[in-house]
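Notes to accompany the following structure.
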Ligand code: SF4
Ligand code: MG
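Residue numbers (the numbering used here): -7 to 310.
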């Protein structure tokens, strides 16, 4: 709800903050129980910051994150913080960096079980074996170390660790971006099977619209710290309204060579402006081919028509 997150970019000699990276500004959306919401945008658009704030790794500069109506950050700072921590888990982008190289796979998965006091010794082992099987690995893998596994297998270990506490909501922060294309579909399929079996809800972050297409029920698009569009997955791909979403979609290669030759790529001019000093009004205006005077003066409101949300002055609203 109205989530804003600034990081200090520069401090004076005396420690006073002089400039800020405006990573996320006034972002509101809901993830509904049991769904996967895809969150897409280029590197640095703020999507990971939203994910990390949602799980409590960052606290918001303004606004709040609610889980079933409960303020996540208030709960994490309170006396019963473990209860909230257990409900919301995260799968990280880089399976190489997110697993402790000195711990066995069994201990990596067992650690959250211990922290949350979920199982006694005997039961702990059987729980670890169960989780390994659920993610397509086997009990013999428990005594091995992360470096003995491929990238896809390491991501499976990361998924088992997230599942270990029986969470309700998982932020998947670019879980397939670092993997070979041939492995990506397998990990997406696994996440979908686990979702169906355990009733999980996902926020699935990716930098490319093609990566979220098969897993998302709805997709949200971000640009420079703001949400620009959010719609049902099929609707967004068929009928993109925001000029930025249109450009992103036009950049996805189409397998049919005839269609590929005939369609027009929208090439965005210029670079993404700095999040320290974003453009006034619509942040996309420096790269938008439809930009008019109003776009520099007024921040476009994120409004919906039939649950299709867009933030652009030119999109007609009824
Ligand atoms: Fe382009 Fe203006 Fe719409 Fe922004 S508000 S996307 S600059 S037309
Ligand atoms: Mg990221």
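In this text, a Cβ means the ideal position worked out from N, Cα and C, and glycines have one as well. In this text, all values refer to a predicted model and were calculated from it rather than measured experimentally.
On a CA-only basis, which of the options is nearest residue i? Give me that one, please.
| i | options | result |
| --- | --- | --- |
| residue 301 | 210, 267, 154, 127 | 210 |
| residue 239 | 254, 213, 248 | 213 |
| residue 272 | 174, 253, 242, 216 | 216 |
| residue 257 | 241, 266, 248, 264 | 241 |
| residue 82 | 297, 236, 121, 47 | 47 |
| residue 100 | 79, 71, 295, 124 | 124 |
| residue 260 | 251, 132, 283, 246 | 283 |
| residue 34 | 199, 187, 251 | 199 |
| residue 55 | 187, 264, -2 | -2 |
| residue 223 | 128, 190, 29, 280 | 29 |
| residue 265 | 36, 17, 59, 19 | 36 |
| residue 121 | 170, 132, 295 | 132 |
| residue 171 | 87, 225, 218 | 87 |
Name the DSSP bridge partner or partners of residue i?
| i | result |
| --- | --- |
| residue -5 | 19 |
| residue 193 | 161 |
| residue 30 | 196, 211 |
| residue 178 | Answer is none; residue 178 lacks a bridge partner. |
| residue 205 | The partner list for residue 205 (beta bridge, DSSP) is empty, contrary to what the question assumes. |
| residue 14 | -2 |
| residue 3 | 9 |
May I ask whether a heavy atom of ligand 2 can be found less than 7 Å away from the beta carbon of residue i?
| i | result |
| --- | --- |
| residue 165 | yes |
| residue 145 | no |
| residue -3 | no |
| residue 230 | no |
| residue 40 | yes |
| residue 85 | yes |
Does the beta carbon of residue i fall short of 7 Å from some heavy atom of ligand 1?
| i | result |
| --- | --- |
| residue 37 | no |
| residue 311 | With the chain covering -7 to 310 only, the question about residue 311 has no answer from this structure. |
| residue 311 | Only positions -7 to 310 of the chain appear in this structure, which leaves residue 311 out of reach. |
| residue 194 | no |
| residue 283 | yes |
| residue 234 | yes |
| residue 225 | no |
| residue 277 | yes |
At least three beta-carbon pairs within less than 8 Å, the stretch 39 to 59 to the stretch 182 to 199: yes
Whole runs of the alpha helix (DSSP H) within the stretch 217 to 280, excluding any shorter than 4 residues: Listed in chain order, they are 225 to 230, 235 to 242, 249 to 254.
Alpha helix (DSSP H) segments (min. 4 residues) lying fully within the stretch 93 to 174: 97 to 107, 113 to 126, 143 to 155
Segment contact flag, the stretch 168 to 180 with the stretch 133 to 146, C-beta cutoff 8 Å, min 3 pairs: yes
Stretch pair the stretch 159 to 173 + the stretch 77 to 92: three plus CB contacts closer than 8 Å: Judged by Cβ distances under 8 Å, the stretch 159 to 173 makes contact with the stretch 77 to 92, as three or more pairs qualify.
The stretch 58 to 70 touching the stretch 90 to 104, judged by at least three CB pairs closer than 8 Å: no
Three-pair Cβ contact test at 8 Å for the stretch 285 to 304 versus the stretch 228 to 236: yes
Sequence ranges, alpha helix (DSSP H) only - wholly within the stretch 59 to 90, length at least 4: 64 to 68, 73 to 79
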